[in-house]
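Colleague:
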Amino acid sequence: MGLLSDPQCRRALGRLLLRLNTPLCVLSYLSGLAWFLLLPLLAPRTYLSENAMGSTMVGEGSDLGPRALALARDFGEHRRREGGIPVSWLSHTMFQLGLEVHSQPFARTLPFPDEAHERYLVRGTNVFGVLRAPRAASTEALLLLVPCCEGGKNEQAVGLLLALAGYCRGQIYWAKDLIFLVTEHDLLGTQAWLEGYHGVNLTAMQSGPFPGRAGAIQAALALELSSDVLTSVDVAVEGLDGQLPNLDLLNLFQSFCHKNGLLCTLQGKLPPPEGPSGPGYAQSLRTLGLMVLGQAGGAPGGPHGLFLRFRIEALTLRGINSFRQHKFDLGALGRTLEGMFRKLNNLLERLHQSYFLYLLPSLARFVSIGSYAPALGLLLLVLALRALELWMRLSRSEEGEGEPPVGEVRGPSDPVPPARGGLLYLVPPILISVGAGAALYLLPVRGQAVATQHFPVGEAEAVVLALIGIYVAGMALPHSTHRALSGGGQRGWMTLKLLALLALALLLTCLALLNFSLGFLLGVTLVPPAAAVRPGGNRLPLALLLVLTTPGLSLFMAVLLERELLEAPAGLGEAWQRFLGALGQGLLQEHLHGAHLSPLLCLGAYPCWLLLWNVLFWK
Amino acid sequence: MAAPLVLVVLAAVTVRAALYRSSLAVFIAERVEVASPLNAWKRVVEGLALLDLGVSPYSGAIFHETPLIIYLFHFLIEYAELVFMITDVLTAVALYLAIQDFNKVVFKKQKLLIELDKYAPDVAELIQTPMEMHYIPLKVALFYLLNPYTVMSCVAKSTCAINNSVIAFFILATIKGSAFLSAVFLALATYQSLYPLTLFAPALLYLLQRQFIPIKLKSKSFWLYTMQYTSLYLCSLVVIICLSFFLLNSWDFIPSVYGFILSVPDLTPNIGLFWYFFAEMFEHFSLFFVCVFQINVFFYTIPLAIKLKEHPMFFMFVQLAIISIFKSYPTVGDIALYMAFLPVWSHLYRFLRNIFILSCVLIFCSFLFPVLWHLWIYAGSANSNFYYAITLTFNIGQILLISDYFYAFLRREYYLTHGLHLTRQDGTEAMLVLK
C-alpha cells in the first residue's frame, strides 16, 4: 500500500503524470511501434511440442503421381460433361476405392449478390467418403478436403485425394477414420458440410439430413492444386476471425516438407536466409505484416478457416507452379500428406501442447503472445495515461481551490471551471454515435430493396454504396446536431473524451485477446488521434489526422499496404476497386459464416471514432 | 418523490420485458457469471420436474434450492418472469423506503451532535445537507433496478433476486426498528443462502442504537435485548426449517443446500475465488482449505463490529460486500445488491482515492469475462488460467473498492471530530496517512 497510500507520494506521482503526460504518451506510442518492428528479431525457432507426433517415425511408401494425374483427367472430363461437380462419378469412384460414400446437397440464398464470385442463389452438393479405421472404434477422425471450384481449377487436387484414398484403404494401421471430402462452391460448401456434420445451423444454410458421420474430427487439411507439377507449396493458417490452428500442425507440415524436399512458403514468401540481418529482416517483417493484415481482415485464408471455429485444427495447402527451375510431381505432395496423416493418426489427445496465439515472421520462426502483447500494451498505456490526466484535471476542477489536502493531485495546468447540469449534456453525442453505428450495421443490407427501387444501381452496389453513404453521413451528424444540444463547456468535452478513451481502450483490450492483429492495427491508427484530440485552437490538423485514421480509410490504407507488401503495388483506381470489393466481402462474410469483423467495426470502432470526432467539434 | 420512483420502475420493467423477449435471454441465462449452480433457473426447473414425478428433488445432484423456493415456483412456474420482475421491483422499493428512513435518522443524529458541539468547528462542508440527501433513496432504487448486473440476473431468472429481496426487506425492517420482522427476514435470508447469518451483528447493533441501549458488555439491558433478538432469530429459523421438513417430509435439503454451500463440491467456473483453487488442489488438503476459505466470510464480522459499532448501516454495507466477494458461489446479482448502497455513501466521494481506477477495473473485467470464456471454452486457444486471472482481478478490484470506502468513512469520521484542518505539533499542516 505504501507508494499509493502515502498522500505525498501520490501527489508527486500525479504531478509527474500531469507534467510529463505528452512526452510519456509519445514515448509509449513509439516504443509500442518499435516493439512490433523488432518482433522478427525476437522470434525463436518453431519446434514440435506434441510428443505423440514427435518421437514416432513413419515411413511413406506411396507413389501416387501417375495415378493421381489419371484420376484428375477423368474427373476433369466428367466435370466438363456435367457442367458441375460430377456427383455420380465421384461417388462411384470412391465406392470402388472401398470407401463409405455419402453426398450432401445444400442450398443457400445470399443476402445480396456476390459480385466477386458471381453468385446469388447457390445450390451444390458435397461428396465425401469415409474410410473406417480398422484398428479402433470410429470415435476420432482426420479429414482431407478439396474444394471443387468453378472453372478447371483443383482437378489435380481431386485426383490426388482419390489416389491417396485408394492407397490409404490398403493400409492397416489407421486408428482414426479418414474422411475424404470434395465440396462445391468452396467456402459455402465447407460451411454447409461442417454445420451438417455437427448437427447445428449457425447460418441460414439449407441442407437435408446429414447422411453419415465418422468420429470427432481431430485435424483437417485442405488442398488446392491447379497444375500437374508444382514448384512450391504455400500454407495458409489464418482462419475465420483471425483464429489460428495449433502451431504443432504447422510444424508437422514443415518437418515433412523438409523430409520430402518440398519447398514451402508462407504468405507466398520463402523463408528468409537465416541470420536476422539485412534482407532477412526485411523479408521477415514483410511476411509478418502480411500475416497481420490477413488475420486482421478476419476472412478465412482458405477453406480450412471455417474448421477452427469447430475446434478442429486445420491448414490449407496450396500448390504453386511458378517459373522456378526445380519442379515436383504430385507424388512428393502425396507422400507429404500421407506422412502427415500417419503422424496425426498417432495422436492420443487433441492438439493442445503448442501455441494457439502466435504470429509468424517466417515459416520456421514464431512470435508467441508473450512477445507480441507488449506492443499493444504500450499503445493502450497511452490511452490510460491520457484518461488518468483527464480524470485528475476533472476532479481538481470539482474541488476548486483552497480545499483541504485530501490526497488528490494538484498539477501545474489551469483549473477547469465547473459546469452545471450534471452529465446530461453527454447523452446526445453518445446516442448519436451509437445510433450511427447501429444504422451503419443494419441499414445497408436491410435497406437494399428500397435502394434498388429508387436508384439505378444493382443490389450489391446498393449495399456497398449505402455503407459508404451512411459512414460519411455519420461524420457530418455530430457537427450539425450538437449545435442545438451542446453544453457543458470545458468540462463537457473532457468528460466526453474520457468516455471515448475508455471505450476505445475497452474495445482494444477485448480485441487484443480475440484477434490481436485487428486490435493492433486499430490501436496504431486510432490511438494518436484519441490522445491528441481537443476542441478549440487550430482544428484543421487534428481534423485531418482524425479523417486519415477513421476505420474506413484505414481499411483502404490496408488494401494499399497489402499490395505493397506483396510486391505488386496497386494504383489508386485498382485499390479503390479492391476496397469496394473488400467492403462487400466483409458484409457477406458476416452473413455467410458469422464473421465478427463488420459488427465489431460498425458497433465498436466507428462509434468510438465518432465520439472523438464529437470532441473535436465541441462548442 | 413517488413519481420518479414509478418512472424508474417502469423503465426497469420495460428493459426486463424487452430482454425476456429477445434472443439475448438464452445467452444471458447460460452465462456462468450470472447463474451459479446454487441459483440457476435450469436447476429449479429440474427440481420441479422431479417433484412432479413424486421423487425427492434432492435425489439428483442438480438441485440445490431450498424447499420453500421449490414450493413457491410449484405454484408460480407459469408466471416465473413476472415473479422475477416483481421481486426486483419489491427489492428496489424496500431499499428506497429503508434508505429514506435511514436518511432521516442520519440527519437527526447529525443535528443532535451539532447541538451537542461534538463536531469540530470547521467541518461545515462535511455535514450532509437535506438537499444532498433528498435524491439518495431514488438513486439507490435506480442503482439497483437499472444496474446491468441486476438486469442480467433477472433476465437469467437467477433466484439470487429472491435472496436479494429478502435481504432488502430485512434491512427495511431493521431500519424501521421492528425487531420481530427483522429477525424473521434475517432467518429467511439465512435459510436461503446461509451467509446472511453474518448480518446478524450489524442488525443487532442498529436495533440497540435505535433503542438507545448502550453497547457495553456489563450493561444488563444490552444482554437482555441481545438474548431477545437472538431467540427471535433462532425461533424463526427453527420454524422455517421445520416447515421445510414438513413440506418434503425429509431432511435431504440440509446436506443438499447447506452442505453444498459449505463444502463446495461443484467447481463450475464462476466469478468467485473457490473453483480454481479447489480444482487444482490435492484432494486430501481440500477440507482444510474449505475451512480457511469459508472462515473468510465470517471472520471479518468481529473486527468490523468492534470498529464500526457506532455505524451499523455502514457495517451492513461492508458485510454485504464481503459476503458477495467471499461466498462460495457468487454471481453478479450479489454484487448488484451492495452496489445499490453506493449512493448512500456519496458524501464519502471526496475522500475516495482510487475510485476511477477501481471502477475502470470492474468495468473492464465485466467485459473481459465473456471474452476469455469464449477463448477458453469455444476457441480453445486460452485456458482456465486466463479466466481465473480475470476473476482474481475482479475480486481484487472489489476488495480495494470496499477498503477504499471503509478508509474514506473512517477518515471522514476522524475529520468530523478533529476538524478538517489538522495541524502538527510544530504548527504546519498535517495529513492523515494510512500505514
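Sequence lines, in order, name chains A and B.
Just so we're aligned: 53 in numbering that gives the first Met the number 0 is position 54 of the first sequence, and the numbers increase by one with no gaps anywhere.
Just so we're aligned: 22 in numbering that gives the first Met the number 0 is position 23 of the second sequence, and the numbers increase by one with no gaps anywhere.
Just so it is clear, CB atoms sit at the ideal spot from N, CA and C, and this is done for glycine as well.
Remember, predicted model here, so these are calculated numbers, not experimental data.
Would you say Val370/B faces chain A, with C-beta separation under 8 Å as the test?
Modeller: The residue you call residue 370/B lines up with position 371 of the second sequence. Cβ-Cβ to chain A under 8 Å: yes for Val370/B.
Colleague: Answer yes or no: does any C-beta atom of chain B fall closer than 8 Å to that of Leu501/A?
Modeller: Locating residue 501/A in the first sequence gives position 502, where the first residue counts as 1. It does; some Cβ of chain B falls within 8 Å.
Colleague: My understanding is that Leu187/B touches Val165/B, with C-beta atoms under 8 Å, so please give their C-beta distance in whole angstroms.
Modeller: In the second sequence, residue 187/B corresponds to position 188, counting from 1. In the second sequence, residue 165/B corresponds to position 166, counting from 1. Contact holds; Cβ gap of about 5 Å.
Colleague: In the DSSP output, which residue or residues are listed as bridge partners for Phe105/A?
Modeller: Numbered from its first residue, the first sequence carries residue 105/A at position 106. Answer is Gly123/A, Ser206/A, bridged to Phe105/A.
Colleague: For the alpha helix (DSSP H) that Tyr387/B lies in, which residues bound it at each end?
Modeller: In the second sequence, the residue the question calls residue 387/B occupies position 388. From DSSP, the alpha helix (DSSP H) with Tyr387/B extends over 383-417.
Colleague: State yes or no: is the beta carbon of Ser192/B nearer than 8 Å to at least one beta carbon in chain A?
Modeller: The residue labelled residue 192/B in the question sits at position 193 within the second sequence. Judged by the 8 Å Cβ criterion, Ser192/B is not in contact with chain A.
Colleague: Closest by CA to Glu99/A, which one among Arg341/A, His116/A, Glu81/A, Arg131/A?
Modeller: Numbered from its first residue, the first sequence carries residue 99/A at position 100. Checking every option, the nearest Cα to that of Glu99/A belongs to Arg131/A.
Colleague: Determine, using beta carbons only, whether Thr189/A and Leu305/A come nearer to each other than 8 Å.
Modeller: As a working mapping, residue 189/A is identified with position 190 in the first sequence. As a working mapping, residue 305/A is identified with position 306 in the first sequence. Contact flag set, yes.
Colleague: Can you tell me which residues form a DSSP beta bridge with Gly128/A?
Modeller: Taking the first residue of the first sequence as position 1, residue 128/A is located at position 129. For Gly128/A, which the question treats as bridged, DSSP gives the partners Val100/A, Phe179/A.
Colleague: Could you tell me whether the Cβ of Asp413/A comes closer than 8 Å to any Cβ of chain B?
Modeller: Stepping through the first sequence from its first residue, residue 413/A is reached at position 414. Note on Asp413/A: pLDDT 42, under 50, position unreliable in the model; no value is reported.
Colleague: Three-state secondary structure (DSSP) at Leu358/A?
Modeller: As a working mapping, residue 358/A is identified with position 359 in the first sequence. Looking at Leu358/A - three-state DSSP - the assignment turns out to be strand.
Colleague: Examine chain A for any beta-carbon lying closer than 8 Å to the beta-carbon of Leu374/B, and answer yes or no.
Modeller: If you number the second sequence from 1, residue 374/B lands on position 375. Judged by the 8 Å Cβ criterion, Leu374/B is in contact with chain A.
Colleague: Please name the residue, chosen from Tyr406/B, Trp372/B, Phe313/B, Asn384/B, that lies closest to Gly29/B on a Cα-to-Cα basis.
Modeller: What you label residue 29/B is simply residue 30 of the second sequence in a count that begins at 1. The residue asked about is misnamed: residue 29/B is Glu in this sequence, not Gly. Residue Trp372/B is the option with its Cα nearest to Glu29/B.
Colleague: For Ser230/B, is the classification buried or exposed, using 16 other Cβ atoms within 10 angstroms of its Cβ as the cut-off for buried?
Modeller: Against the second sequence, residue 230/B aligns to sequence position 231. Counting Cβ neighbours within 10 Å, Ser230/B comes out exposed, since fewer than 16 surround it.
Colleague: Less than 8 Å between the beta carbons of Leu63/A and Tyr166/A, yes or no?
Modeller: Translated into the one-based positions of the first sequence, residue 63/A becomes position 64. Translated into the one-based positions of the first sequence, residue 166/A becomes position 167. Yes, Cβ-Cβ distance for Leu63/A and Tyr166/A is below 8 Å.
Colleague: Since Ser353/A contacts Ser48/A with CB under 8 Å, what's their CB separation in whole angstroms?
Modeller: Your numbering for residue 353/A matches position 354 in the first sequence. Your numbering for residue 48/A matches position 49 in the first sequence. That pair is a contact at about 4 Å.
Colleague: Can you pull the chain A neighbours of Cys359/B, defined as C-beta to C-beta under 7 Å?
Modeller: Here residue 359/B is taken as the residue at index 360 of the second sequence, counted from 1. In chain order: Leu501.
Colleague: Thinking C-alpha only, which one of Tyr348/B, Pro302/B, Phe340/B, Tyr377/B is nearest Leu96/B?
Modeller: Locating residue 96/B in the second sequence gives position 97, counting from the first residue. Closest by alpha carbon: Phe340/B.
Colleague: Measuring straight from C-alpha to C-alpha, what distance separates Leu145/B and Gly535/A?
Modeller: If you number the second sequence from 1, residue 145/B lands on position 146. If you number the first sequence from 1, residue 535/A lands on position 536. Roughly 36 Å separates the two Cα atoms.
Colleague: What runs of the alpha helix (DSSP H), each 4 residues or longer, lie entirely inside the region 340-381 of chain B?
Modeller: Listed in chain order, they are 354-372.
Colleague: Kindly identify the DSSP beta-bridge partner or partners of Ala235/A.
Modeller: Taking the first sequence and counting its residues from 1, one reaches residue 235/A at position 236. Beta-bridge pairing links Ala235/A to Thr315/A.
Colleague: Buried or exposed, going by whether 16 or more other CB atoms sit within 10 Å of the CB of Lys268/A?
Modeller: Your numbering for residue 268/A matches position 269 in the first sequence. Result: buried.
Colleague: Give a yes or no on whether 8 Å exceeds the smallest Cβ distance from Gln242/A to chain B.
Modeller: The residue given as residue 242/A occupies position 243 in the first sequence. Yes, because at least one Cβ of chain B sits closer than 8 Å to the Cβ of Gln242/A.
Colleague: Going by beta-carbon coordinates alone, are Phe350/B and Arg411/B separated by less than 8 Å?
Modeller: Position 351 of the second sequence holds residue 350/B. Position 412 of the second sequence holds residue 411/B. Cβ atoms of Phe350/B and Arg411/B: closer than 8 Å.
Colleague: Looking at chain A, which residues of the region 144-168 of chain B have a Cβ within less than 7 Å of any of its Cβ atoms?
Modeller: Cβ contacts with chain A come from no residue of the region 144-168 of chain B.
Colleague: Evaluate contact between the region 286-303 of chain A and the region 204-217 of chain A, counting only Cβ atoms and requiring at least three cross-stretch pairs below 8 Å.
Modeller: Touching, no.
Colleague: With distances taken from CA atoms, which of Met93/A, Thr92/A, Thr124/A, His91/A is nearest Ala106/A?
Modeller: For the purposes of this step, residue 106/A is taken as residue 107 along the first sequence, with counting starting at 1. Out of Met93/A, Thr92/A, Thr124/A, His91/A, Thr124/A has the C-alpha closest to the C-alpha of Ala106/A.
Colleague: Can you tell me where the beta strand (DSSP E) holding Glu624/A begins and where it ends?
Modeller: Only positions 0 to 618 of chain A appear in this structure, which leaves residue 624/A out of reach.
Colleague: Return the first residue and the last residue of the beta strand (DSSP E) that Leu141/A is part of.
Modeller: Residue mapping note: residue 141/A aligns to position 142 of the first sequence, counting from 1. Run containing Leu141/A: 139-147, per the beta strand (DSSP E) assignment.
Colleague: For a contact defined as C-beta to C-beta under 8 Å, what are the partners of Arg310/A on chain D?
Modeller: Note that chain D does not occur in the displayed structure, where the protein chains are A and B.
Colleague: Count the C-beta pairs between the region 320-338 of chain B and the region 73-85 of chain B that are closer than 8 Å, then say yes if the count reaches three, no if not.
Modeller: Contact fails: fewer than three Cβ-Cβ distances are below 8 Å.
Colleague: Is Cys509/A buried or exposed, if buried means 16 or more other CB atoms sit within 10 Å of its CB?
Modeller: In the first sequence, the residue the question calls residue 509/A occupies position 510. Per the 10 Å Cβ criterion, buried.
Colleague: Following the continuous beta strand (DSSP E) through Ile170/B, name the residue where it begins and the one where it ends.
Modeller: By one-based count along the second sequence, residue 170/B stands at place 171. First-last for Ile170/B: 159-175, but that is the alpha helix (DSSP H), not the beta strand (DSSP E).
Colleague: Exposed or buried, what is Gly128/A when buried is set at 16 or more other beta-carbons lying within 10 Å of its beta-carbon?
Modeller: Mapped onto the first sequence, residue 128/A falls at position 129. By the neighbour-count rule (16 or more Cβ atoms within 10 Å), Gly128/A is buried.
Colleague: On a CA-only basis, which of Asn20/A, Ala11/A, Ala67/A, Val426/A is nearest Ala386/A? Give me that one, please.
Modeller: Within the first sequence, residue 386/A is the residue found at index 387, counting from 1. Looking at the Cα atoms, Asn20/A is the closest of the given residues.
Colleague: If the criterion is Cβ atoms closer than 8 Å, does the pair Gly46/B and Phe62/B meet it?
Modeller: The residue labelled residue 46/B in the question sits at position 47 within the second sequence. The residue labelled residue 62/B in the question sits at position 63 within the second sequence. Yes, the pair counts as a contact, with Cβ atoms nearer than the cut-off.
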